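Undergrad: After the structure tokens below, expect a handful of questions from me.
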Amino acid sequence: MKKTTQLSLLEKTIKELGYTLRYEKGNFLGGECRLRDDRVVVVNKFLPLEGKIYTLALVISNLNPSGLSPEITKIIDALILNSLFTKENGSLN
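According to this note's numbering, the sequence shown is numbered sequentially starting from 240.
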């Protein structure tokens, strides 16, 4: 699956979960936060495509929602497992 398609699916899932998605500039990766009654996911807009995908996948996996589509589950599993594998070996992607 193309990375742009993965990003689109993850963005759609974030919005379906009731979160507002914002791309902002700054010195951060991103994550989920709450502003008063609003639920917001913020991603650094200067991250490369892979970084945006990883950040959104990590947020979704931390929210642990039920009923995710098989495509989203596959993306999250692949990214999280790859991340764990590289950390265990002490190497970086």
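Ideal placement from N, C-alpha and C gives every residue a C-beta, glycine not left out. Owing to the predicted nature of the structure, the values given are computational and were not obtained by experimental measurement.
(1) Would a C-beta distance cut-off of 7 Å place L268 and T243 closer than the cut-off?
(2) Is DSSP giving N283 helix, strand or coil here?
(3) Among N301, G270 and T259, which one has its Cα closest to the Cα of N283?
(4) So, under 8 Å CB-CB, R278 and T259 are touching, yes? Tell me the CB distance rounded to an integer number of Å.
(5) In chain order, which continuous runs of the beta strand (DSSP E) of length 3 or greater are located wholly inside the region 244-320?
(6) How should L320 be labelled, buried or exposed, when 16 other C-beta atoms within 10 angstroms of its C-beta is the threshold for buried?
(7) Among the residues of its own chain, which have a CB less than 8 Å from the CB of S308, if the five just before and after it don't count?
(8) On the three-state DSSP scale, how would you describe S241?
TA: Straight from the coordinates:
(1) The sequence position of residue 268 within the sequence shown is 29, counting from 1. The sequence position of residue 243 within the sequence shown is 4, counting from 1. Cβ atoms of L268 and T243: not closer than 7 Å.
(2) Counting from one through the sequence shown, the residue named residue 283 turns up at place 44. Three-state result, N283: strand.
(3) For the purposes of this step, residue 283 is taken as the residue at position 44 of the sequence shown. Among N301, G270 and T259, the Cα nearest to that of N283 belongs to G270.
(4) Taking the sequence shown and counting its residues from 1, one reaches residue 278 at position 39. Taking the sequence shown and counting its residues from 1, one reaches residue 259 at position 20. Confirmed, Cβ separation roughly 7 Å.
(5) 259-263, 269-274 and 277-283
(6) Counting from one through the sequence shown, the residue named residue 320 turns up at place 81. Result: exposed.
(7) Indexing the sequence shown from 1 puts residue 308 at position 69. Taken in chain order, the residues that qualify are L248 and T252.
(8) The count along the sequence shown starts at 1 and reaches residue 241 at position 2. Looking at the sequence provided, one finds Lys at residue 241 rather than Ser. Here K241 sits in coil by DSSP.
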